[in-house]
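Numbering (this note's numbering), first residue to last: 11 to 256. C-beta atoms are modelled at their ideal positions from N, C-alpha and C, and glycine is treated no differently.
If you want it as structure tokens, here you go:
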């Protein structure tokens, strides 16, 4: 909890210290889906999301960095909290490559590769791959999809997202997301999310999810905050940017 409070304090102080910019950050939160947007070179995001359900409380902390040439790296960690202990559930390294921006009917496309370390599992290391698309249907609406599978093709994940820009600072989304695993019943879920751009470099977000046709899943609530910074003046324009901020 102390780590989380320090993180929030850091974001508020940074909001006052950094100069304003006309463009806004494009965070992965609050959606369950990934976004094809690639961070420009030397820019970074710190994104934190707390998830609450009836039986658990968890935290996902991610650091994203724009390498350049359409490449982004992300290091994330998932924590679960019990009454007397904190466990690291997973540490994930993600490489992301922007294939193309939206061109007419062709959506923006990016490819993802994840290497995950799960210290609590017998099989501690796993890999999976993902293809991500997003299409700006209008100045306010966009449609995104995620399709992924693990390296053994024993589990498949999909997300369909419809997002709506209510204003320059407020964005809404709804998603259907599902997991299909060999030998177990599929998990189907829907959610509603909201993101508020507090400052050009800071976003607060909220999401509520509800399982459908999934007796072994439970509803959950997520709240998060994201911060954008830079190690030095970026020499690249904000390419691969979409009108939606999700």
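* **Three-way DSSP call (helix, strand, coil) for residue 74 in this model** => strand
* To do: Specify the secondary structure class of residue 193 as computed by DSSP and reduced to three states.
  => coil
* Would you say the region 94 to 103 touches the region 53 to 64, given that touching needs at least three Cβ pairs under 8 Å? -> no
* Whose C-alpha, out of 168, 140, 117 and 75, is nearest the C-alpha of residue 148? -> 117
* **Contact between the region 172 to 182 and the region 82 to 93 (3+ Cβ pairs under 8 Å)** => No, because fewer than three Cβ pairs between the region 172 to 182 and the region 82 to 93 fall closer than 8 Å, the two stretches do not touch.
* Asked: Span of the beta strand (DSSP E) holding residue 221?
  -> 212 to 222
* Who are the Cβ neighbours of residue 31 in its own chain at under 8 Å, not counting the five residues just before and after it? -> At residue 31, the pLDDT of 41 sits below 50, so the modelled position is not reliable and the matter cannot be decided from this model.
* Asked: So what's residue 36 in DSSP terms, helix, strand or just coil?
  -> coil
* Determine contact between the region 38 to 47 and the region 221 to 230, defined as no fewer than three beta-carbon pairs at a distance below 8 Å. => no
* Go ahead and label residue 114 buried or exposed: buried means 16 or more other beta carbons lie within 10 angstroms of its beta carbon, across all protein chains shown. => exposed
* Return helix, strand or coil for residue 10, following the three-state DSSP convention. => Residue 10 lies beyond the range of the chain shown here (11 to 256); nothing can be said about it.
* What does a CB cutoff of less than 6 Å around residue 199 pick up in its chain, not counting 5 residues either side in sequence? -> 187, 219 and 221
* Could you tell me the distance, in whole angstroms, from the CA atom of residue 33 to the CA atom of residue 238? => 11 Å
* **Among 206, 165, 171 and 185, nearest to residue 192 - alpha-carbon criterion** => When only C-alpha atoms are compared, the closest one is 165.
* **Own chain residues within Cβ distance below 6 Å of residue 204, not counting five before or after** => 182 and 216
* CA-CA distance, residue 68 and residue 99? -> 9 Å
* Just mark residue 133 as buried or exposed, buried being the case when its beta carbon has 16 or more other beta carbons within 10 Å. => exposed
* Please indicate yes or no: does the CB of residue 198 lie closer than 7 Å to some heavy atom of the ligand FAD? => Within the structure as shown, the ligand FAD is missing, as the structure has no ligands at all.
* Could you tell me which of 124, 241, 228 and 214 sits nearest to residue 234, measuring between CA atoms? => Comparing Cα-Cα distances from residue 234 to each of 124, 241, 228 and 214, the minimum goes to 214.
* Asked: Residue range of the beta strand (DSSP E) that residue 60 falls in?
  -> 53 to 63 is the span of the beta strand (DSSP E), which, as asked, contains residue 60.
* To do: Determine the DSSP secondary structure at residue 48, reduced to helix, strand or coil.
  => coil
* Would you report the Cα separation of residue 56 and residue 231, rounded to the nearest angstrom? -> Between residue 56 and residue 231, the C-alpha separation is close to 20 Å.
* residue 174 and residue 52 look like a contact to me (Cβ under 8 Å); what is the Cβ gap, rounded to whole Å? -> Between residue 52 and residue 174 the Cβ distance is about 31 Å, and since that is not below 8 Å, they are no contact.
* **Cβ shell of residue 78 (< 6 Å), same chain only, five flanking positions each side left out** => 51
* With a Cβ-Cβ cutoff of 8 Å, do residue 143 and residue 124 count as a contact? -> no
* Residue closest to residue 3, alpha-carbon to alpha-carbon, out of 206, 228 and 229 -> The displayed coordinates of the chain run from 11 to 256. Any statement about residue 3 would go beyond what the structure contains.
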